[in-house]
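Line by line, the protein sequences give chains R and P. For the first sequence, position 173 matches number 173 in the working numbering, and the numbering has no gaps at all. For the second sequence, position 155 matches number 476 in the working numbering, and the numbering has no gaps at all.
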Amino acid sequence: MRLKLIPNETAINFFGKSNVFFGVSICAVFLSAITYLFLGLNFGIDFKGGTSIRSESRVELDIAKYRQALSGLNLGDVTISEVFDPTFDDDQKVALIRIEAQDGQEAVTSKIVETMLATLKADVSKDIKFQAVESVGPKVSGELIKKAVMAILLAIGAVLFYIWLRFEWQFALGAVSALIHDIILTIGIFSILQIKFDLAIIAALLTIVGYSLNDTVVIFDRVRENLRKFKKKPLIELMNLSINDTLSRTIMTSLTTLLALIALFTLGGDVIRGFVFAMIWGVVVGTYSSVFVASNILLLLGVKRDWSKPNAEAGTSVPQP
Amino acid sequence: MLIYGLVIAGLLFALPNAFYSRVESFNDASLAIENGQDPTLFKDEKKLWLEFLPTSLVNLGLDLRGGAHLLAEVRTTDVHAQKIKSLWVDVRDVLRQKRSDIGTIRLQDSNPGTLRVKISKPDAMQTAIEAVSSLSKPVVSLIQAGADDLKIWSDGDELLVSLSDAEVLATDERTMRQSLEIIRRRVDEVGTREPTIQRQGIDRILIQVPGIGSATELKELIGTTAQLTFQAVIGKNSSSTPKSAFGSEVLPSLDEEGVYYTLESAAVVTGEQLVDAQPSFDQNGRPAVNFRFNPTGARKFGDYTAENIGSPFAIVLDQEVISAPVIQSHIPGGSGIITGNFTIEESTNLAILLRAGALPAGLEFLEERTIGPELGADSIKAGKLACAVAFAAVLAFMFMSYGLFGLFANVALIINVFLIFGLLSAIGATLTLPGIAGIVLTIGMAVDANVLIFERIREEIKTKKGPARSIELGYEKALSAIIDANITTFITAVILFAMGSGPVRGFAVTLGLGIITSVFTAIFVTRLLIIVWFERSRPREIKV
Chain R
1 MRLKLIPNET AINFFGKSNV FFGVSICAVF LSAITYLFLG LNFGIDFKGG TSIRSESRVE
61 LDIAKYRQAL SGLNLGDVTI SEVFDPTFDD DQKVALIRIE AQDGQEAVTS KIVETMLATL
121 KADVSKDIKF QAVESVGPKV SGELIKKAVM AILLAIGAVL FYIWLRFEWQ FALGAVSALI
181 HDIILTIGIF SILQIKFDLA IIAALLTIVG YSLNDTVVIF DRVRENLRKF KKKPLIELMN
241 LSINDTLSRT IMTSLTTLLA LIALFTLGGD VIRGFVFAMI WGVVVGTYSS VFVASNILLL
301 LGVKRDWSKP NAEAGTSVPQ P
Chain P
322 MLIYGLVIAG LLFALPNAFY SRVESFNDAS LAIENGQDPT LFKDEKKLWL EFLPTSLVNL
382 GLDLRGGAHL LAEVRTTDVH AQKIKSLWVD VRDVLRQKRS DIGTIRLQDS NPGTLRVKIS
442 KPDAMQTAIE AVSSLSKPVV SLIQAGADDL KIWSDGDELL VSLSDAEVLA TDERTMRQSL
502 EIIRRRVDEV GTREPTIQRQ GIDRILIQVP GIGSATELKE LIGTTAQLTF QAVIGKNSSS
562 TPKSAFGSEV LPSLDEEGVY YTLESAAVVT GEQLVDAQPS FDQNGRPAVN FRFNPTGARK
622 FGDYTAENIG SPFAIVLDQE VISAPVIQSH IPGGSGIITG NFTIEESTNL AILLRAGALP
682 AGLEFLEERT IGPELGADSI KAGKLACAVA FAAVLAFMFM SYGLFGLFAN VALIINVFLI
742 FGLLSAIGAT LTLPGIAGIV LTIGMAVDAN VLIFERIREE IKTKKGPARS IELGYEKALS
802 AIIDANITTF ITAVILFAMG SGPVRGFAVT LGLGIITSVF TAIFVTRLLI IVWFERSRPR
862 EIKV
């Protein structure tokens, strides 16, 4: 018995409803942009500055008690949340405490952390331990944001250049629109669900860039090959054929990657859950966008048809520059 | 043959990681023996691992092992201020020689880093500037030759002196090097495993010490500047705000509360001129610290004590007066003793700090992270489990989808994971939590190349080509897609590595290595397997 997810021959018309999918994508991008503008992102201390403390104890966690104990210390904005994870022991209670950057100081002083621990021990529970204390000053966090944005722009630029080199500018534009679509949607979902957005998420975003590209490039590679093979076929049919040809591979790779990521999501612990979530989302969105965004844009822009000789006559629908 | 060789080398290098703690104690033992300790003490540890096998391990990042991370900014301007401050004595002396021309001089209050001197005959400013210029020396640096180290200019009846831009550059460079070296020495005194001490950017230092309890501990270790100076005492007061002339400063006493000393700002000798410091006891049996100066320091110290017998003399550590003994006699030879109300522990620590040298400038901590070892252990546990499950799921899925060919891909995948670990150990890369995620992601994505190839072979079979030809064409035609797809992903990994820091960098490393090894295994290893299988069985038709 062979597991066959995709029949051997597929002839799905991917562009029949291309306007619909295009519309959906544009709406999703707008929605993401709007939620981002209104809700913003739940920036972690990497980008906002401040201190994040992971505390652990063996007694039932009462957030109100924590808050009350810490309110006397004049720390400014304090957020406390409980962390749940299936990999914890039954009586392992973990809380995340976040305090904002203290005035006039870069990193939080050790004195403040010590006082906090002492206060919590006295007022809440004796067995409280701080498992991790991370503090980032406003100076560094500002730079980290700049660096992160730079990294993403640089990645997009480099990829645009590489694909332009290997294919044609229309392909590069198609691939990059898909990338931007993926990144915006990912930022959107982080804004809607208010998941903590930190440095690791930037890494996830860049991986999504890589993955989405991987997928797009495979389809484009087939388009390029079919362009050489069928010189007279209308572009729309040719693209459809290419996507159908590669469909089985697209699904297989997405599934194996998702399988691995889901294992990590459920079993990998809460520290990297946000990171893995971003990647899972990215794989799904990335697969969708290579078929429905990148290819659609390529179709809209048109391509040069004669691939046998360089610099031959211009293409079909849109004049060449 | 080459393929076999590479695979075997990869396996060998990956092997130590499977027995992490055994190899670690073996390595520690080897190191101890190398350092001249008795080999018989470590017999048991030496038995844990075979001598001829590779012993390099993957470094575990802070988030997996636990430890502290600090990013410090060196206040380089401190040094400029200090230099200019100590220049006053010399400036005063040269200007006094020209007293007849320029009249009386007076030090004015100014920004740290600039010396403001008011002269009573402004007409002779040019003479004054020339006199001070004689103190200027060429900058010692490789880049700019010939530039002077002082910038001297006038503003009305005031003469201003500060460091020149070239000197600032050279000084900052020296300050950074010194700070790095001193931090390294102090961290090494504690003897932890593999601390990372790196310069970042122009004026920052990154310090990562695995296994240390908290960032606070680390800060205590390196954060104390231990600036030792010997200064002349002008007076002793009981309040912190007495009238003090410019050129002098008021510092509190370390032990006696409410006691303040007025001291001459310019130090006679500084801790930089110390060559040795040892904990010891004074004649009353109380803990103290013995010290010795280098020849320059010894001469200055000797001259000063000879000239000032009977006056008090302050020993200042980090802006606090430890003690202010009265000079009993001329002290030649340049050694002395610091007494105070020390405990034995304090005197030992002080000696270490003095020996390691003072940090030339203060540190400001911009970022600090402490990760407890338990959290790290939990992460490793979770990561291992997730890896195993992901691995099993992908293996099963590939077998179900492609049958025998799926098995070939699975063998390649297993080799791939070993190769990643082998490479990580061989180049001494650091494995972080996102790095583990990178490996899991690679497991998922590594099959991609094989999927591409197998799908191609399927297509070729459909066109009724013979099995051998189909396999050949499958590999050939899938190649361009594989190359393009992986190069683009590799580009993003490189950018991540270049721009990222810490854990993110660890992720970039595993992702990048994963791409290289997965392309290698998917293209060469599976092909080899398929060819060997094909030669043996010579099937009429193949089912992919």
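Don't be surprised by glycine CBs; every beta carbon is placed ideally from N, CA and C.
Could you give the DSSP three-state label for residue i: helix, strand or coil?
i, result
"His181 of chain R", "helix"
"Ile643 of chain P", "strand"
"Val460 of chain P", "coil"
"Lys126 of chain R", "coil"
"Lys557 of chain P", "strand"
"Arg859 of chain P", "coil"
"Gln499 of chain P", "helix"
"Ser475 of chain P", "strand"
"Leu428 of chain P", "strand"
"Leu267 of chain R", "helix"
"Ala314 of chain R", "Only weak support exists for where Ala314 of chain R lies, its pLDDT of 39 falling under 50; the coordinates are left without a value."
"Gln92 of chain R", "coil"
"Phe14 of chain R", "coil"
"Arg848 of chain P", "helix"
"Asp576 of chain P", "coil"
"Thr435 of chain P", "strand"
"Thr492 of chain P", "helix"
"Ala132 of chain R", "strand"
Please list, in chain order, the chain P residues whose beta carbon lies closer than 8 Å to that of residue i.
i, result
"Ser57 of chain R", "Per Cβ cutoff of 8 Å: no residues; Ser57 of chain R is ~13 Å from chain P at best."
"Asn214 of chain R", "Met766, Asp769, Ala806, Asn807, Thr809 and Thr810"
Please list the terminal residues of the continuous beta strand (DSSP E) segment that includes residue i.
i, result
"Ser656 of chain P", "Ser656 to Thr660"
"Gln599 of chain P", "Leu595 to Phe602"
"Arg520 of chain P", "Thr517 to Gln521"
"Ala635 of chain P", "Phe634 to Leu638"
"Lys798 of chain P", "Element bounds for Lys798 of chain P: not the beta strand (DSSP E) but the alpha helix (DSSP H), Pro788 to Met820."
"Pro573 of chain P", "Ser569 to Pro573"
"Arg413 of chain P", "Not the beta strand (DSSP E): Arg413 of chain P falls in the alpha helix (DSSP H), residues Thr397 to Gln418."
"Gln649 of chain P", "It is not in any beta strand (DSSP E) - Gln649 of chain P carries neither H nor E in the DSSP assignment."
"Phe686 of chain P", "Leu684 to Ile692"
"Gln529 of chain P", "Arg525 to Pro531"
"Gly50 of chain R", "Gly50 to Ser57"
"Leu584 of chain P", "Tyr581 to Glu585"
What residues of chain P sit near residue i, judged by a beta carbon separation below 9 Å?
i, result
"Ala200 of chain R", "Leu754, Pro755, Ala758, Pro824, Val825 and Phe828"
"Tyr36 of chain R", "Under the 9 Å cutoff, chain P gives no residues; its nearest Cβ is about 22 Å from Tyr36 of chain R."
"Gly50 of chain R", "Residues of chain P passing the Cβ test: none, with the nearest at roughly 11 Å."
Check whether the Cβ of residue i lies closer than 7 Å to any heavy atom of the ligand NAP, and answer yes or no.
i, result
"Glu667 of chain P", "As far as ligands go, the structure on display features none, and thus does not contain the ligand NAP."
What residue range is occupied by the uninterrupted alpha helix (DSSP H) comprising residue i?
i, result
"Asn611 of chain P", "Careful: Asn611 of chain P lies outside any alpha helix (DSSP H), inside the beta strand (DSSP E) at Pro608 to Phe614."
"Gln102 of chain R", "Premise fails: Gln102 of chain R is in no alpha helix (DSSP H) and is neither H nor E."
"Ile80 of chain R", "Ile80 of chain R -> not in any alpha helix (DSSP H); beta strand (DSSP E) instead, spanning Val78 to Val83."
"Arg326 of chain R", "Outside the modelled stretch of chain R, which goes from 1 to 321, sits residue 326 of chain R, for which no answer is possible."
"Gln194 of chain R", "That residue, Gln194 of chain R, is in no alpha helix (DSSP H); it is neither H nor E in DSSP."
"Gln447 of chain P", "Met446 to Ser454"
"Val140 of chain R", "Pro138 to Arg166"
"Thr287 of chain R", "Arg273 to Ser289"
"Gly72 of chain R", "Premise fails: Gly72 of chain R is in no alpha helix (DSSP H) and is neither H nor E."
"Ile774 of chain P", "Leu754 to Lys783"
"Asn296 of chain R", "Ser295 to Leu301"
Mind listing the chain R neighbours of residue i? Cutoff is C-beta to C-beta under 7 Å, in chain order.
i, result
"Ser801 of chain P", "Asp221"
Give the residues of chain A in contact with residue i, contact being defined as C-beta atoms less than 9 Å apart.
i, result
"Val271 of chain R", "Given the protein chain composition of this structure (R and P), no chain A is represented."
Residues of chain R with CB under 8 Å from residue i, in chain order?
i, result
"Ile816 of chain P", "Ala151, Leu154, Ala155, Ala158 and Leu206"
"Leu542 of chain P", "Residues of chain R passing the Cβ test: none, with the nearest at roughly 12 Å."
"Leu832 of chain P", "Thr207 and Gly210"
Which chain P residues are close to residue i, counting only those with a beta carbon under 7 Å from its beta carbon?
i, result
"Lys147 of chain R", "Met820"
Taking Cβ-Cβ distances shorter than 9 Å, what residues in chain R pair up with residue i?
i, result
"Glu776 of chain P", "Asp245, Thr246, Ser248, Arg249 and Met252"
Original post:
Listed from N- to C-terminal order along the chain, which residues in the region 129-140 of chain R have their beta-carbon within a distance smaller than 8 Å of any beta-carbon of chain P?
Top reply: Lys129, Phe130, Gln131, Ala132, Val133, Glu134, Ser135, Val136, Gly137, Lys139 and Val140
Original post:
Quick one, which residues of the region 677-694 of chain P are near chain R if we go by CB-CB under 7 Å, in chain order?
Top reply: Glu685, Phe686, Leu687, Glu688, Glu689, Arg690, Thr691, Ile692 and Gly693
**OP:** Please name the residues in the region 174-197 of chain R whose beta-carbon is closer than 9 Å to at least one beta-carbon of chain P, in chain order.
**Re:** Ala175
**OP:** Determine which residues of the region 692-717 of chain P have a Cβ less than 7 Å from any Cβ of chain R, and write them out in chain order.
**Re:** Ile692, Gly693, Glu695, Leu696, Asp699, Ser700, Ala703, Gly704, Leu706, Ala707, Val710, Ala711, Ala714 and Val715
Original post:
Taking a cut of 8 Å between CB atoms, which residues from the region 727-738 of chain P lie near chain R?
Top reply: none
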